[in-house]
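Novice:
2 protein chains.
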Amino acid sequence: MPQLRIALAQVNTCVGDITGNTTLVRDWTRRAVQDGAHVVAFPEMALSGYPIEDLTQRKSFAAANRDALERLAADLRDDGCGDALVIVGHLGRDDEGPRNSASLLHGGEVVATYDKHHLPNYGVFDDARNFAAGFDLPIVKFHGLDVGVVICEDIWQNGGPVTALGKVGVDLVMCINASPYERAKADQRVPLVTARAVEAGAPLAYVNLVGAQDELVFDGDSMISSAAGEIISRAPQFTEHLLVADLEMAAGGYTSTTVPPEPGPMQLPAFDVHRTVLNPDPVPAYEPLPLPQAEPLPDAAEVWAALVTGLRDYVHKNGAKSVTFGFSGGIDSAVCAALAVDALGPDAVHGVSMPSVYSSEHSRSDAAELARRLGCHFEVQPVADMVEIYVRQLELTGLAEENIQARVRGMLLMALSNQHGHLVLATGNKTELAVGYSTIYGDAVGAFAPIKDVPKTLVWELAEWRNSDAEKRGEIPPIPESSITKPPSAELRPEQTDQDSLPEYDVLDVVIDGYVEGDKGYADLVSDGFDAQLVERVLQLVDRAEFKRRQYPLGTKITFKAFGRDRRLPITNRWREVSP
Amino acid sequence: MPQLRIALAQVNTCVGDITGNTTLVRDWTRRAVQDGAHVVAFPEMALSGYPIEDLTQRKSFAAANRDALERLAADLRDDGCGDALVIVGHLGRDDEGPRNSASLLHGGEVVATYDKHHLPNYGVFDDARNFAAGFDLPIVKFHGLDVGVVICEDIWQNGGPVTALGKVGVDLVMCINASPYERAKADQRVPLVTARAVEAGAPLAYVNLVGAQDELVFDGDSMISSAAGEIISRAPQFTEHLLVADLEMAAGGYTSTTVPPEPGPMQLPAFDVHRTVLNPDPVPAYEPLPLPQAEPLPDAAEVWAALVTGLRDYVHKNGAKSVTFGFSGGIDSAVCAALAVDALGPDAVHGVSMPSVYSSEHSRSDAAELARRLGCHFEVQPVADMVEIYVRQLELTGLAEENIQARVRGMLLMALSNQHGHLVLATGNKTELAVGYSTIYGDAVGAFAPIKDVPKTLVWELAEWRNSDAEKRGEIPPIPESSITKPPSAELRPEQTDQDSLPEYDVLDVVIDGYVEGDKGYADLVSDGFDAQLVERVLQLVDRAEFKRRQYPLGTKITFKAFGRDRRLPITNRWREVSP
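Just so you know, the protein sequences line up as chains A and B, in that order.
Read in UniProt numbering, the first sequence has 302 at position 302, and its numbers run on one by one without any break.
Read in UniProt numbering, the second sequence has 53 at position 53, and its numbers run on one by one without any break.
Structure, rendered in structure tokens:
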């Protein structure tokens with residue numbers, strides 16, 4: 001059986017950093033070639049970063065991608081990697097417009113280019129807006145084996161190019177991806193990767209991006225399915241990794257270059273199959289290495305790793321070295337602090353306790369204890385004096401008085417950010433953002449909100465998990481027990497607790513999930529068995545908060561799917577599930 | 001020649017307000033029928049409002065649209081309007097997904113529905129994301145005339161349904177629209193509307209939405225082209241209007257129901273033509289009314305009207321009654337104040353002078369004079385005390401000291417907003433937002449930024465125009481002359497002027513326009529004759545500001561096209577036209 005050693009370079013690219021990304025491709029290709037790999041694959045849009053949104057439209061950026069790609073092909077040859085087949089994603093551009101492309105580099109040349117066929121246009125994706133769709137299907141014969149390439153969404157749609165590759169015949173499908181993390185995403189990916197391999201009648205190697213870009217986190221989890229539909233090798237999640245795997249394949253000696261068109265309402269033209277022979281001779285037989293098999297992370301560890309990755313890459317890719325935010329003594333800021341220390345190290349974290357006249361003694365001591373356990377920087381900056389001037393000069397009462405406390409704190413953090421160069425984090429969780437239990441320009445201030453997509457009940461779970469994980473490793477649990485157990489409170493007026501104005505969090509989170517993430521309306525939730533008045537109240541809160549959040553712009557919006565994009569809704573919108 | 005009286009109802013709908021929008025359709029249909037109209041057309045998505053973005057996905061909203069449409073048909077009959085053919089845009093939904101639909105109502109029934117074929121996916125539009133495309137082409141015979149319907153983008157694409165209607169034969173094309181205003185948009189629309197009428201071989205009646213939705217402004221400017229390609233009737237801009245026009249047409253007696261497919265790379269299936277006979281008899285001959293012909297507004301008046309419309313509808317549609325913002329004595333806040341008074345009346349405008357230790361005497365007197373001329377509310381709230389505590393407690397210097405002044409003002413306005421219910425406006429112009437001459441959470445605070453898409457040089461032009469327009473009408477010019485003539489300054493440190501850190505505005509605005517609105521890069525701008533160092537400096541400022549603006553979210557982003565959507569770019573993006 002013909003053999004081939006393939007290397008999947010699960011790397012962390014950065015949007016717009018063509019120089020850095022190109023260097024990454026050269027370095028990792030050298031490593032792969034040193035490891036004896038014949039084929040090396042990099043993620044979708046590796047040269048440009050992903051997603052690049054409107055940058056697709058800038059011609060000078062497309063030209064820079066093209067130049068970098070050609071230089072890269074030559075550099076790889078000069079690096080002694082010219083014999084390898086290197087598959088790299090990049091921004092393409094031709095008369096039809098921008099393309100989401102995968103080029104095959106060999107012998108110093110760009111030997112073939114595939115343009116993504118299926119352009120997702122839902123959820124976090126805007127590919128159909130940003131790119132023109134491809135119809136070509138290049139297949140290269142490499143060491144006697146026919147290799148086809150597809151990109152990400154191409155395997156998520158039935159009747160796509162993998163089906164076509166199966167019909168014309170290939171020996172190996174390389175699928176390059178920038179597939180964002182969602183909770184338990186592997187439950188969707190694994191069946192898909194294996195099913196497409198069976199359809200292609202060939203092994204399918206799936207290389208995914210790792211790292212974070214703004215609101216998106218990519219988990220890696222690159223994998224290879226056999227032609228029989230079994231995952232035979234897998235990379236770890238949330239870390240850069242070179243997965244080197246030896247494959248044995250049945251070389252088909254295919255010559256077909258036409259695909260019958262798919263039936264259906266859209267009569268797509270037959271795919272245009274291009275077969276190129278790079279290298280007809282099989283590699284001499286060799287002793288294969290054992291196939292690496294990383295274990296996927298259990299749920300809480302996976303979520304924690306995703307949050308750490310999101311925070312670390314946001315801060316570092318944007319050139320910041322340190323972060324600052326309020327240490328309130330509560331659970332949200334405690335979890336953010338533990339995440340920040342895991343992501344950036346304790347010396348990069350600057351906690352600020354900002355007590356007001358309503359702050360309890362335990363808030364101050366829990367905040368100090370948190371900092372002590374984490375070993376991060378900590379300072380106390382009382383806000384009572386600033387608040388008092390506003391309240392007195394403007395005669396503020398009620399909600400206006402509550403909000404000014406949060407806003408004075410937000411401005412204090414921004415001033416420290418200006419003076420010392422820290423990035424400000426917002427510590428709000430998804431539940432309180434969803435129901436509007438948050439002050440615009442107050443606690444919502446920040447460049448990044450680490451737990452904005454984490455419901456309150458999951459915040460508690462993660463805190464428990466992080467503490468017990470520390471204990472298992474013989475370390476000090478980072479989060480003070482009393483921050484976990486005490487009743488949550490914003491402490492903006494005397495004796496306030498969250499449950500003065502909100503339902504219990506365990507019910508609240510389920511209702512919010514149905515309404516915000518799902519497409520459940522009032523009637524659906526009531527028929528699910530929730531109290532009608534409670535549903536009405538929660539939906540009113542969510543609608544009102546969404547309106548306010550859009551009306552007064554701020555960063556920490558609630559998102560649509562785990563780590564996904566913000567719901568794209570009009571500001572002005574009088575539609576209500578229940579009367580306001 | 002068969003006659004028909006058509007009424008184009010150029011109305012101002014609101015997103016999500018199905019009840020309000022339906023009432024609007026009933027009221028205006030009654031008016032049109034009283035005026036003797038046989039056909040009444042309403043804008044695109046009139047029942048749901050436009051654009052509705054992710055609301056398209058909510059099934060309960062689609063169901064509410066459907067119910068409202070059917071009830072509307074019955075109500076129109078009960079109102080005595082059952083003999084009229086009423087064309088109304090709404091959200092549709094079927095097995096393929098959400099549709100951007102136009103339904104034809106007659107005799108208490110929905111007699112035909114057209115789903116928009118061409119779904120724009122560029123600029124401010126996300127239709128391809130939000131809707132499934134239609135392929136049907138319903139044609140109804142009404143009073144012996146064959147009437148076809150298309151929606152907005154359908155006329156902007158060559159080879160679209162109007163071409164098809166021309167091939168199968170129609171006597172009248174009704175085109176319903178939600179076409180956003182851009183400066184001099186009529187220069188694009190008029191040639192298009194007339195060319196499509198010629199292609200159809202029939203008059204084309206174009207009814208457009210009027211009013212504003214969030215960042216978009218719709219100018220109306222509904223019009224009718226003759227089959228010969230001449231605009232024979234036209235509605236005024238920026239106001240609700242019923243355009244009633246008598247048309248004479250050649251009835252073709254068409255029976256064709258097949259369209260040859262368009263050649264091209266995408267072999268679309270032949271359009272599915274449905275012909276329905278509602279009413280074979282021509283209307284008895286009558287004396288036609290003269291065709292109304294409104295004049296389009298000249299440039300400055302058009303821009304002013306667009307800004308007033310944008311501000312008024314944002315405030316009113318969101319349920320606010322009054323606005324507050326800083327009166328600095330400068331030109332930007334003066335123009336915003338004049339816009340706000342024109343939009344909302346003087347009693348709804350609450351100006352606040354917030355002098356710091358760096359504020360000049362003329363700033364305070366110009367602000368007071370502005371309020372006096374406009375007759376709006378005005379108060380003075382010094383910020384020196386709040387600023388001083390921050391500066392002293394946090395030992396702030398340099399930029400941190402400058403920014404805290406702007407932020408203390410932002411929080412002061414938000415406190416007044418909380419206490420008194422005013423909506424806060426941000427007064428920044430497009431130039432300063434583009435180059436980052438603005439403080440996040442400071443002067444950028446606000447729910448709406450009336451001039452965020454107006455470059456500084458145009459701010460001055462508009463001020464001059466508004467003053468001279470007032471003089472022409474024998475009114476007091478609203479903007480103090482010294483606010484127009486004095487050198488612009490942020491007054492955040494002693495003797496500061498904008499030109500300490502920025503190039504002259506007349507050059508700056510042209511470079512920004514090329515870089516932000518156009519696709520001009522560094523090389524293009526230098527070859528246009530601009531000084532290389534100046535271009536480098538401006539591009540660095542814009543890139544840096546864009547990054548900061550995205551990193552710390554705020555509302556007043558710069559937009560892509562006049563009154564269009566914010567540029568959709570990643571936050572993390574290391575691509576630079578010139579080295580940073």
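Backbone N, C-alpha and C fix where the C-beta goes; we use that ideal spot for every residue, glycine too.
A quick note: this is a predicted structure, and the numbers were derived from the prediction, not measured.
1) For the segment 432-457 of chain B, enumerate the residues whose C-beta is nearer than 7 Å to any C-beta of chain A, in chain order.
2) According to DSSP, simplified to helix, strand and coil, what is B/R99?
3) For A/V86, does the count of other Cβ atoms within 10 angstroms reach 16, so buried, or fall short, so exposed?
4) Below 8 Å, how does it come out for the segment 415-430 of chain A and the segment 443-455 of chain B: are there three or more Cβ pairs, yes or no?
5) At a CB-CB cut-off below 8 Å, which residues of chain A make contact with B/N100?
6) Here's a check: name, in chain order, each residue in its chain whose Cβ is nearer than 7 Å to the Cβ of A/P280, leaving out the five neighbours to either side.
7) Since A/L399 meets chain B, which of its residues come closer than 7 Å, beta carbon to beta carbon?
8) Pull up the CB-CB distance for B/P98 and B/N121, whole angstroms please, since I reckon it's below 8 Å.
9) Determine the DSSP secondary structure at B/E536, reduced to helix, strand or coil.
10) Give, in chain order, every residue of the segment 198-222 of chain B whose Cβ lies closer than 8 Å to some Cβ of chain E.
11) Between A/A9 and A/D221, what straight-line distance do the alpha-carbon atoms span, to the nearest angstrom?
12) If distances are taken between C-alpha atoms only, which option among A/I155, A/M386 and A/E199 comes closest to residue 595 of chain A?
13) Can you tell me whether A/S417 is buried or exposed? The criterion is at least 16 other CB atoms within 10 Å of its CB, across all chains shown.
14) Kindly give me the distance between the Cβ atoms of B/E302 and B/Q237, rounded to whole angstroms, as I take these residues to be in contact under 8 Å.
15) Output the residue ranges of the beta strand (DSSP E) runs that lie fully inside the segment 102-129 of chain A and measure 3 residues or longer, sorted by chain position.
16) For A/R93 and A/A62, what's the separation of their Cα atoms in angstroms?
17) So, A/S483 versus A/A334, is the Cβ gap smaller than 8 Å?
18) Along the beta strand (DSSP E) that carries A/M246, what are the first and last residues, could you check?
19) Does the segment 497-517 of chain A come close enough to the segment 349-368 of chain A that 3 or more CB-CB pairs lie under 8 Å?
20) Return yes when the Cβ of A/G229 is within less than 8 Å of the Cβ of A/A195, no when it is not.
21) Using C-beta distances below 6 Å, list every residue in its chain close to A/D78, excluding the 5 sequence neighbours before and after it, in chain order.
22) Under a three-way DSSP split, which group does B/E388 fall into?
23) Which bits of chain A does B/A415 rub up against, with CB to CB less than 8 Å?
24) Expressed to the nearest angstrom, what Euclidean distance is found between the alpha-carbon atoms of A/G564 and A/L433?
25) A/G410 versus chain B: which residues are under 9 Å apart at the beta carbon?
26) Can you give me the C-alpha to C-alpha distance between B/L72 and B/T22, rounded to a whole angstrom?
27) Return the chain-ordered list of same chain residues with a C-beta closer than 7 Å to the C-beta of A/D342, the five sequence neighbours on each side being excluded.
28) Along the chain, which unbroken stretches of the alpha helix (DSSP H) at least 4 residues long are found entirely within the segment 447-535 of chain A?
29) Rounded to whole angstroms, what is the Cα-Cα separation between A/T258 and A/D272?
30) Between which two residues does the alpha helix (DSSP H) harbouring B/G208 extend?
31) Tell me the DSSP secondary structure of A/E44 in three-state form.
32) Can you find a CB in chain B that lies within less than 8 Å of the CB of A/I558?
33) Can you grab the Cα-Cα spacing for the pair A/Q3 / A/M174, in whole Å?
34) If you count every other CB in all the chains shown that lies within 10 Å of the CB of B/L374, and 16 or more means buried, which is it?
35) When burial is assigned at 16 or more other CB atoms within 10 Å of the CB, is A/R312 buried or exposed?
36) For chain A, is any of its Cβ atoms less than 8 Å away from the one on B/A128?
Specialist: Inspection of the coordinates gives the following:
1) Those residues of the segment 432-457 of chain B that come within reach of chain A (Cβ to Cβ, closer than 7 Å) are Y441, V445 and A447.
2) strand
3) buried
4) Contact check between the segment 415-430 of chain A and the segment 443-455 of chain B: fewer than three CB pairs, one atom from each, fall below 8 Å, which does not count as touching.
5) Scanning chain A for C-beta atoms nearer than 8 Å to the C-beta of B/N100 yields nothing, as the closest lies near 15 Å away.
6) Within the same chain, A/P280 has close Cβ partners K141 and G144.
7) N418
8) With 8 Å as the limit, B/P98 and B/N121 do not qualify as a contact, their Cβ atoms being about 15 Å apart.
9) In the three-state DSSP reduction, B/E536 falls in the helix class (H, G or I).
10) Here chain E cannot be found, since the structure's protein chains are A and B.
11) 11 Å
12) With chain A represented from 1 up to 580, any question about residue 595 of chain A goes unanswered, as that position is not in the structure.
13) buried
14) Your pair B/E302 and B/Q237 checks out as a contact, with CB atoms roughly 7 Å apart and the cut at 8 Å.
15) Within the segment 102-129 of chain A, the complete beta strand (DSSP E) runs of at least 3 residues are 109-115.
16) A/R93 and A/A62 have their C-alpha atoms some 6 Å from each other.
17) In this structure, A/S483 sits near A/A334, with a CB-CB distance shorter than 8 Å.
18) Per the sequence shown, residue 246 of chain A should be read as Asp rather than Met. Element bounds for A/D246: H241 to E248.
19) When C-beta atoms of the segment 349-368 of chain A are compared with those of the segment 497-517 of chain A, fewer than three pairs fall below 8 Å, so the two segments do not count as touching.
20) Contact annotation: A/A195 and A/G229 have beta-carbon atoms nearer than 8 Å.
21) The beta carbon of A/D78 is closer than 6 Å to none in its chain, skipping five residues each way along the sequence.
22) Three-state DSSP puts B/E388 in a helix.
23) Y390, L394, L396, A400, N403, I404 and R407
24) Low per-residue confidence applies at A/G564: pLDDT is 43, beneath 50, and the placement is therefore not dependable enough to give any value.
25) Here the neighbours are R407, M411 and Y441.
26) 7 Å
27) V308
28) 456-472, 481-485, 505-512 and 522-527
29) 7 Å
30) Looking at the sequence shown, residue 208 of chain B is not Gly but Asn. Where B/N208 is concerned, there is no enclosing alpha helix (DSSP H), although the beta strand (DSSP E) it sits in stretches over L204 to N208.
31) coil
32) The pLDDT assigned to A/I558 is 43, lower than 50, so where the model puts this residue is not dependable; a value taken from the coordinates is nonetheless given after this. Taking a beta-carbon distance threshold of 8 Å, A/I558 does not count as an interface residue toward chain B.
33) Answer to the nearest angstrom: the Cα atoms are 15 Å apart.
34) buried
35) buried
36) B/A128 belongs to the set of residues whose beta carbon lies under 8 Å from a beta carbon in chain A.
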